[in-house]
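Mapping of the first sequence onto UniProt numbering: position 519 corresponds to residue 519, and the numbering continues sequentially without gaps. Have a look at the structure below, then the notes.
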Amino acid sequence: METATLQPLAAALPPSPSLNHRILTATTVPHFKQIHAQILRSGLDISAPFLSRLLALPLASSPSSLDYALSVLLHSPSPDFRLANRALRALSSATDPRWTLVAYGRLRRAGLALDRFSFPTVLRAAARVRGVAGVVAQEVHGLAAKTGLDADPFIQTAVVGAYTALGRAAEGRMVFDRMHHRDLVAWGVMLDGYCQSGCYNEALQLFDEMKSSGVIPDRVILATILSACARTRNLTSGGAVHSYIVESNLSIDAHLQSALISLYSSCGSMDTAQRLYDDTSPKNLVASTAMVFGYAKLGKIAVARSIFDQMTDKDLVCWSAMISGYAESDQPNEALKLFNEMHLLGVKPDQITMLSVISACANMGARDQAKWVHIFVDKNGFHQILSIRNALIDMYSKCGSLVDARTIFDETAFKDVITWTSMITGFAMHGNGRSALAVFDHMISEGVKPNGVTFISLLYACSHAGLVDEGRRIFESMIQDYRLEPKHEHYGCMVDLLGRARLLQEALEFIESMPFAPNVVVWGSLLGACRIHGDVKLGELVARRLLELDPNHDGAYVLLSNIYAKASRWEDVREVRNLMKNKGVIKEAGFSWIELNGHVHEFMMRDKCHPRSNEIYGKLDEVVKELELVGYSPDTATVLVDLQEEEKREAILLHSEKLALSLGLIDSKKGSSIHIAKNIRVCNDCHTFMKLASKVFEREIVLRDRTRFHHYKDGVCSCGDFW
DNA sequence: ATAGGGTTAG
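Here it is in structure tokens:
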């Protein structure tokens, strides 16, 4: 390849065959230095071929040899701009874009002007270097304008690309709109630019404008648009593009095929995606990754895994897809295992992989693992990236270390809305409603605009802390002051807030006042409140409404049977259970896990799978006896089924968190803290049990349930028994 | 110039 590009240059050389040959075969900087000395002695100006060769070699990608190359250039007998521009372009082809910018800076300072072929080079480099490059892009744009070159379509296209790559899509669009001649590449850069900046709807709109102005899209443009549709889960627009492709008889290459597969798998249409994928031969990495992603998103994690396992030559992206698949389908342990495997194979993660890994760690709530991931993040230079810091804040909150979360939060100079919201969520989860509200006030005083998620967090903070008036005020403020439209989730939070505070009638009226039909989330919140307060009549009504909306809503059946059980209506309990059985509705099984010395131990109810099972059950007996001495008596009121009292007692004593606690007590000392996580809500009896255990055994017990943390200490829980 | 993976809540 290099020989080919050097042919014309070699032909232009003065008759000095041996020197020429030496240039073409040189491979190291010392070697080049020798030749350079020889060139200077010969008095010939053959810097151009010399530099071309020097810059084409991989060694030009190290700072010291780049330095050398530039110094040769700047000290050549007549450093003219043609040579400088050639050097710049040679440099840009194979190296880190940052050095192209360094070289550009040196050439500028030496007073060498850019030609029209170098502007795009520098702009492309600037576009690839995020962060510091905005200034460069603007400067280069200004420079092009000064020399009148900004009317050149190639330069204009590059300017559009640079702005959009830096997230300044609107500025890119302004340049694009002023272009007199737009070829397909220009359209492609603008469309892709919108996608890069996350402006997918603008991309779709521009695509329509493009078609109505009579420009015929090619495969490249169509692949870009399909990708935009995939990312926005827009099957309507995507399907239209697919039809267009079929109607126009366009041949479908691997890129386009992958884009189509990705569209359908992103939208959850796995049947169509699978059909297209079956037609693909050979299977390519991108299409396979899209399939893995699609199945994982639907929870068909085993299917995803089997495709993943069949892939040879896995790259970073498919590892990430599989890892995030596990992370998002509540298998954080598997996600971390896979990350380890990838790590051992020497595949280097990027920030996207790390976000999935951090999120997996957060969902697992494992503190030792969390620490390990944090160290990994620091060591590998990810710690300055804002999205990573945001994920870390969330991770530490969910692992029970609010202090660590707070530290990262405080040490984050530039905070975006997610940073603030994550911190608010952290306080909300730990029942610290006042701190959550204080963080919100701080956020507002810093001029950061809250979004819908921020308000969900705030309302949950109020709900978990019993701050009813504050919650009402925030809901109003969201509409009045921030002009945000409350969605189902917000109404659900409000119903939860009112319901927990025993304001059941007001909660019902609130639902009836909604401007749109309430969904399962909203009714579900009220149902939960009915269970807490034992309102059988309202609970029954709500559960029926819920089951009308979703006949397979497992939560509704469970809560309904709970309510009946609480009222000892065993006949009704049986009916509900039968109904569940007939419909094949399965109650989500409760399980708990505890991390001890870096290992995660999982427990189901009555679980005897643990290798130290005997020891654990022995400890549990002992614990129960000791707690009974201080007045504990199993609260069997919440046991769903009509069992004999003795059976009920046994059932409740074998809840998974009690097993986890027993192991925790065996393996820890007095005065230490025990961290347990559970996938569903903690029951009344376990809650009392934990409170007493914290006092009798002198441990702080931190229990994370589905939505929040309980910190038990000296017989008291941080939730104030309000959860 | 093009296709695949990501952070806050639920």
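All C-beta atoms, glycine included, are put in the ideal place defined by N, C-alpha and C. What you are looking at is a predicted structure, and each value in this text was computed from that prediction instead of being measured.
Point to revise | Inter-residue spacing [alpha-carbon to alpha-carbon] between H181 and P153 | key: 7 Å
Point to revise | Cutoff 6 Å; reference G161; Cβ partners in own chain excluding five residues on either side | key: A127 and V189
Check your understanding: For I155, which of D378, L392, T121 and L355 has the nearest alpha-carbon?
Key -> T121
Exercise for review: Starting from residue 769, follow the alpha helix (DSSP H) in both directions and report where the run begins and ends.
Suggested key: The question about residue 769 has no answer, for the chain in this structure spans 1 to 723.
Review point. What does a CB cutoff of less than 6 Å around F722 pick up in its chain, not counting 5 residues either side in sequence?
Key: G466
Check your understanding: When the Cα atoms are used, what is the spatial distance from G148 to S422?
Key -> 48 Å
**Study point:** Where the beta strand (DSSP E) containing S118 begins and where it ends
**Key:** Looking at the DSSP string, S118 is not in any beta strand (DSSP E); the run it does join, the alpha helix (DSSP H), is S118 to R128.
**Study point:** Assumed close pair I221, L184 - CB separation to whole angstroms, cut-off 8 Å
**Key:** 7 Å
Point to revise | K658 classed as buried or exposed, judged by whether at least 16 other C-beta atoms fall within 10 angstroms | key: buried
Exercise for review: Would you kindly report the start and end of the unbroken beta strand (DSSP E) that includes V600?
Suggested key: H599 to M604
Check your understanding: So, do the segment 389-397 and the segment 615-626 have three or more beta carbon pairs nearer to each other than 8 Å?
Key -> no
Check your understanding: If you draw a straight line from the alpha carbon of D67 to that of E139, how long is it in whole angstroms?
Key -> 23 Å
Exercise for review: Starting from the C-beta of A137, find all residues in its chain whose C-beta is less than 8 Å away, skip the five residues before and the five after it, and write them out in chain order.
Suggested key: L123, A126, A127, V159, A162, Y163 and L166
Review point. Between R389 and T412, which are expected to be in contact by the criterion C-beta below 8 Å, what is the C-beta distance as a whole number of angstroms?
Key: 5 Å
**Study point:** Bounding residues of the alpha helix (DSSP H) (the contiguous stretch that carries L40)
**Key:** V29 to S42
Review point. Whose CA, out of A405, G555 and A501, lies closest to the CA of K371?
Key: A405
Check your understanding: Relative to the C-alpha of Y491, which residue among V520, K713, Q480 and Y557 is closest?
Key -> V520
Point to revise | Beta-carbon separation (whole angstroms), R500 vs I532, contact threshold 8 Å | key: 7 Å
Exercise for review: Return the chain-ordered list of same chain residues with a C-beta closer than 8 Å to the C-beta of Q7, the five sequence neighbours on each side being excluded.
Suggested key: Reliability of the predicted coordinates at Q7 is poor, the pLDDT of 35 falling under 50, and no value is obtained from them.
Practice item. Return the CA-CA distance between K713 and A302, expressed in angstroms with no decimal places. Key: 41 Å
Practice item. Specify, as a first and last residue, the run of the alpha helix (DSSP H) that L620 falls within. Key: S613 to L629
Exercise for review: Please report the Cβ distance between V536 and A567, rounded to the nearest whole angstrom; I am assuming they are in contact, meaning their Cβ atoms lie under 8 Å.
Suggested key: 5 Å
Check your understanding: Which of the three DSSP states, helix, strand or coil, is assigned to F591?
Key -> strand
Practice item. Give the DSSP-derived three-state secondary structure of K713 in the structure shown. Key: strand
Practice item. For P15, count neighbouring C-beta atoms within 10 Å of its own C-beta (all shown protein chains included) and say buried if the count is 16 or more, exposed if not. Key: Reliability fails at P15, whose pLDDT of 47 lies under 50, so the model's placement of it is uncertain and the value that follows must be treated cautiously. With fewer than 16 Cβ atoms within 10 Å of its Cβ, P15 is classed as exposed.
Check your understanding: What distance in whole Å lies between the Cβ atoms of A169 and E202, which are believed to be in contact at a cut-off of 8 Å?
Key -> 7 Å
Check your understanding: Any heavy atom of the ligand HEM closer than 7 Å to the Cβ of L260?
Key -> The model depicted lacks the ligand HEM and carries no ligand whatsoever.
Point to revise | 8 Å Cβ shell around D685 - same chain, five flanking residues per side excluded | key: P634, D635, T636, T638, I652 and H655
Check your understanding: Span of the beta strand (DSSP E) holding H242?
Key -> Not the beta strand (DSSP E): H242 falls in the alpha helix (DSSP H), residues L235 to E247.
Check your understanding: How close, in whole Å, do the beta carbons of Q351 and S387 come, if the pair is a contact with beta carbons under 8 Å?
Key -> 7 Å
Practice item. Leaving aside the five residues before and after L503 along the sequence, list all residues of the same chain whose C-beta is less than 8 Å from its C-beta, in chain order. Key: V468
Exercise for review: Give the secondary structure of V256 by DSSP, where H, G and I count as helix, E and B as strand, and everything else as coil.
Suggested key: Looking at the sequence itself, residue 256 is Leu, so the reference to Val does not match. Of the three classes helix, strand and coil, the one that applies to L256 here is helix, per DSSP.
Practice item. Pull up the distance between the alpha-carbon of L547 and that of G555, whole angstroms please. Key: 10 Å
Point to revise | Whole alpha helix (DSSP H) elements within the UniProt repeat "PPR" (451-486), 4-residue minimum | key: 452-465 and 468-480
Check your understanding: Between L70 and the rest of its own chain, which residues show a CB-CB distance below 7 Å, the 5 nearest in sequence each way excluded?
Key -> A103 and R106
**Study point:** Counted within 10 angstroms of its Cβ, other Cβ atoms place Q369 as buried (16 or more) or exposed
**Key:** buried
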